[in-house]
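Protein sequence lines, in the order shown, are assigned to chains A and W. Numbering follows numbering that gives the first Met the number 0, with no gaps: position 146 of the first sequence is 145. Numbering follows numbering that gives the first Met the number 0, with no gaps: position 165 of the second sequence is 164. Don't be surprised by glycine CBs; every beta carbon is placed ideally from N, CA and C. Heads up: the structure comes next, in structure tokens.
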Amino acid sequence: MTEHPIAVEVEDLHKAFRVPRHRVDTLKERALHPFAPIEYTSLRALRGISFQVAEGELLGIAGRNGSGKTTLLKLVASIYRADRGRIRIAGNLAPFIELGVGFNPSFTARENVLLNGVMMGLTPKEARRRFDEVIEFAELGEFVEMKLKNYSTGMSMRLAFALMVQSEADVMLIDEVLAVGDASFAQKCMDSLQAFRDEGRTILLVTHDTESLRRLSDRAILIEDGVIDIAGDPDDVAHRYLEINFAGRAEPLPAVGDGAAAGRRGTIADVWLEDSDGERPRGFEQGDPLNLVAVIEATQEIDRPGFGFEICSTDGARVFATPVPPRSVGGPDEKLQAGERITVRATVANPLAPGSYTVNCSLSQHDNGFDVVHLREPAAEFVVWGTRRTAGYVELDWDLEVEREPRTGAVRAGGE
Amino acid sequence: MSATAHAPALREVPGPSALAGGPRRFFTLTWLLSTTEFKANYFGTALGYVWSVMRPLLLFGVLYTVFTKIFRFGDQIPHYGALLLFNIMLYQFFGEATSQSVACVVRNESIVRKTQFPRLVIPLSVVLTNFFNLCLNVVLVFVILVATGVDPKVTWLALPLIVALLVILSTGVSILLSALYVRFRDVAQIWGVMTLVIFYGSPLLYPVEKVPHSLRFLLFINPFAPLFEEARRLLVDPTAPSIVDAAGSALGIVGPAAVTVGLCALGLWLFTRDAPRIAEEL
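In structure tokens form, the structure reads like this:
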């Protein structure tokens, strides 16, 4: 990569947005209070961003909502003006950061394609020449004279996408394109991105999706709070992105959906999940053990109390449940006295695949999982994050071995 | 596509502006946008052009009837009908172009916020679209004129000059309004009233010599007065007083010229000043 010339260079980029505290948007107000100062809150979207992209490189840009990644793209695309810093680009740039932008629904497809070409800086002649290729790619030959407002969403998407694919820009800015459309369309987008890369175009791709970050990017940067948090290997960036995404403290779930017996004999007063440091994060990295903590309050005496819990995935599947009869929490005398308050801690190994999960907890009596004192469903929720993606619920220890049989040189015929 | 075949030099990104991207792209974009819009308006629907010309014709019909049959005022002015029709078409252009320009930048919010292109294209293409319409209307006016017995004159050849000046004035005002509207949304209401004020405040329904002396000062600031008056002399009545004679001083031409230049300059200044930040203000 190093011998390639630099295609995009961003140096110490700063951008703040002025947000008026009290919006004065009529001349009348301005005329009535001509000297009233307009107070602005300054929203510092970018605070000193610098990076370089080599020609032919695909730079993934990750960041949470509001971190400034789209602002960065709009600055590079000359839609916003930077407060400070410098952006330099080699070659021409496709100034479209979203699909279908600039389409006028009352114009026909032909007119839109021509306009789009001229917007990109082509002469009308070049735009007309490109027209046939675009229509062919979009497979919309019969509909070129139809107004775009009569197009289905799928058709205009195809047209928009064809325009992007057929643009001859050296540098492309792409913002979340992969999120739109159905699965097959998303796949087509993916394939085209790969193709752009193979053609040696330089691409800046803003994405939320760690999967495409890891699969497509040569290099990646993570923007957090207007600065580059980490830059470099896409795997590291994806990992860090997930880490900060789930770093926030988990919100406790309100005690809703209580079982009928709740409050009479006893309740599960509080439930949360802790990591190994005793923090209560929203997300756990794949493989990090979960510590489930529940506070149980007995209002009356509970005989042979048992505590059980289960972990469910968001699609409702019960991934794990403690066995029945449940584990006793009554101590040596097998009882919880009226007014007694205990804390139970369960340590759970975490083979869960990345995704969202909920925990349900139950308090039962008489050494029997069905005589329920209090059921909390859901009692807590958490996210497991990781950069490996599977379609299953858990990741089991597995391995793969390949054994090669020696080649016999001839196709074996049956019945030797 | 190989790295060595072309190694374009790094160039600084200019940021958004009113005119960025070079004049060629600017003009092709403006031209293409307005011709496409014009086609969509007038050939997209079956009665497209008919509807657009109905409005000024109907207005003409009403005003002509009122001022020749009820007020008996137009009777004394030679070729009042021809004059009124021509003036209404000119004013219709100004009114439509400016009113459509007021909200044009905001209306095109999606492209302003998401693509990079010279911002000034938007109001200019609105004016240009309306100019195409004016051309059609002017042809129609001449057909009506000749059909109703007005003799063609050599002086008609100078009328495009009047139209050109009107287009410059309308462009300046359109740019000014579209820039103002981004910040002040009541510009739309204010302008709605202003178009009426200008309609009745200009020598459009009445000839300039009917303006009483106490109100003559209005002629010194109204950029439409010389346009309508000169159009009248060129179109039907070379004996009518020139604007300088009517106003009684050279200010009659200097004043309106200064106002026109001032409005255009103010509009351009405001628009180019605000253009880099328009995408953020929306």
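{"query": "Would you decide whether A:His32 is buried or exposed? Buried here means 16 or more other CB atoms lie within 10 Å of its CB.", "result": "exposed"}
{"query": "Check distances from the C-beta atoms of the segment 156 to 178 of chain W to those of chain A and list, in chain order, the residues that come in under 8 Å.", "result": "none"}
{"query": "Which of the three DSSP states, helix, strand or coil, is assigned to A:Tyr150?", "result": "coil"}
{"query": "Establish whether the CB of W:Ile189 and some CB of chain A are separated by less than 8 Å.", "result": "yes"}
{"query": "Name the residue from W:Ile277, W:Trp268, W:Val172 and W:Ala257 whose alpha carbon lies nearest to the alpha carbon of W:Phe92.", "result": "W:Val172"}
{"query": "Strictly under 8 Å for the Cβ-Cβ distance: is W:Phe183 near chain A by that measure?", "result": "yes"}
{"query": "On a CA-only basis, which of A:Trp271, A:Gly307 and A:Ile310 is nearest A:Val292? Give me that one, please.", "result": "A:Trp271"}
{"query": "Closer than 6 Å by C-beta to A:Ser191: which residues in its own chain qualify, once you throw out the five before and the five after it? Chain order, please.", "result": "Val164"}
{"query": "Pick from W:Leu234, W:Phe198 and W:Leu233: whose alpha carbon is nearest that of W:Pro222?", "result": "W:Phe198"}
{"query": "Identify, in the order they occur along the chain, each residue of the same chain with its Cβ nearer than 8 Å to the Cβ of A:Arg248, setting aside the five sequence neighbours on each side.", "result": "Glu278, Arg279, Pro280 and Arg281"}
{"query": "Write down the C-beta distance between A:Gly62 and A:Ile222 rounded to the nearest angstrom, noting that I regard them as a contact closer than 8 Å.", "result": "4 Å"}
{"query": "Any Cβ of chain A within less than 8 Å of the Cβ of W:Ser109?", "result": "yes"}
{"query": "Whole angstroms are fine: how far does the CA of W:Pro151 sit from the CA of W:Phe141?", "result": "9 Å"}
{"query": "Once the 5 residues before and after W:His78 are set aside, which same chain residues still bring their CB inside 6 Å of it?", "result": "Val235"}
{"query": "Ordered along the chain, which non-local residues of its own chain (more than five positions away) have a Cβ less than 7 Å from that of W:Leu9?", "result": "none"}
{"query": "Buried or exposed: where does W:Pro159 fall if 16 or more other Cβ atoms within 10 Å of its Cβ makes it buried?", "result": "exposed"}
{"query": "How would you write the range of the beta strand (DSSP E) that A:Ala427 sits in, first residue to last?", "result": "Since the first residue of chain A shown is 0 and the last is 415, residue 427 of chain A is not available in this structure."}
{"query": "Comparing C-alpha positions only, which one of A:Leu98, A:Asp208 and A:Arg157 sits nearest to A:Gly183?", "result": "A quick correction: the sequence has Ser, not Gly, at residue 183 of chain A. Of the candidates A:Leu98, A:Asp208 and A:Arg157, the one whose C-alpha sits nearest the C-alpha of A:Ser183 is A:Arg157."}
{"query": "Do A:Val358 and A:Ile295 have their CB atoms nearer than 8 Å?", "result": "no"}
{"query": "Between A:Tyr39 and chain W, is the shortest Cβ-Cβ distance under 8 Å, so that the two count as touching?", "result": "no"}
{"query": "Under 7 Å Cβ to Cβ from A:Asn367, same chain only, skipping five residues before and after it: list those, please.", "result": "Pro324"}
{"query": "So A:Leu113 contacts chain W; which residues on that side make the cut at Cβ distance below 7 Å?", "result": "Leu31"}
{"query": "Quick check on A:Pro4: does DSSP put it in helix, strand or coil?", "result": "coil"}
{"query": "Sort A:Val7, A:Tyr150 and A:His3 by Cα distance to A:Asn91 and report the nearest one.", "result": "A:Val7"}
{"query": "Would you give the residue range spanned by the beta strand (DSSP E) that A:Leu39 belongs to?", "result": "The residue asked about is misnamed: residue 39 of chain A is Tyr in this sequence, not Leu. Segment Tyr39 to Ala53, the beta strand (DSSP E) holding A:Tyr39."}
{"query": "Between the beta-carbon of A:Ser77 and the beta-carbon of W:Pro15, is there less than 8 Å?", "result": "yes"}
{"query": "Looking at the C-beta of A:Pro123, does it have a partner C-beta in chain W at a distance below 8 Å?", "result": "yes"}
{"query": "Using 8 Å for Cβ pairs, my map puts W:Val258 next to W:Ile220. What's the rounded Cβ distance?", "result": "6 Å"}
{"query": "Using three-state DSSP, classify W:Val86 as helix, strand or coil.", "result": "What sits at residue 86 of chain W in the sequence shown is Asn, not Val. Helix at W:Asn86."}
{"query": "Would you call the segment 23 to 43 of chain W in contact with the segment 112 to 124 of chain W, where contact means no fewer than 3 C-beta pairs closer than 8 Å?", "result": "yes"}
{"query": "Do W:Ala187 and W:Leu269 have their C-beta atoms closer together than 8 Å?", "result": "no"}
{"query": "Can the beta-carbon of W:Val37 be found closer than 8 Å to that of W:Phe131?", "result": "The amino acid occupying residue 37 of chain W in the given sequence is Phe; Val does not appear at that position. Yes; because the gap between Cβ atoms is below 8 Å, this pair is in contact."}
{"query": "Quick one: grab the DSSP three-state call for A:Pro280.", "result": "strand"}
{"query": "Using beta carbons (cut-off 8 Å, strictly below), is W:Val209 in contact with chain A?", "result": "Residue identity check: residue 209 of chain W is Lys in the sequence provided, not Val. By this cut-off, W:Lys209 is not an interface position."}
{"query": "Could you say which of A:Ile60, A:Ser363, A:His13 and A:Asp131 lies nearest to A:Leu74 if we only look at CA atoms?", "result": "A:His13"}
{"query": "In whole angstroms, what is the alpha-carbon distance linking A:Asp429 and A:Gly67?", "result": "Residue 429 of chain A is absent from the model: chain A starts at 0 and stops at 415."}
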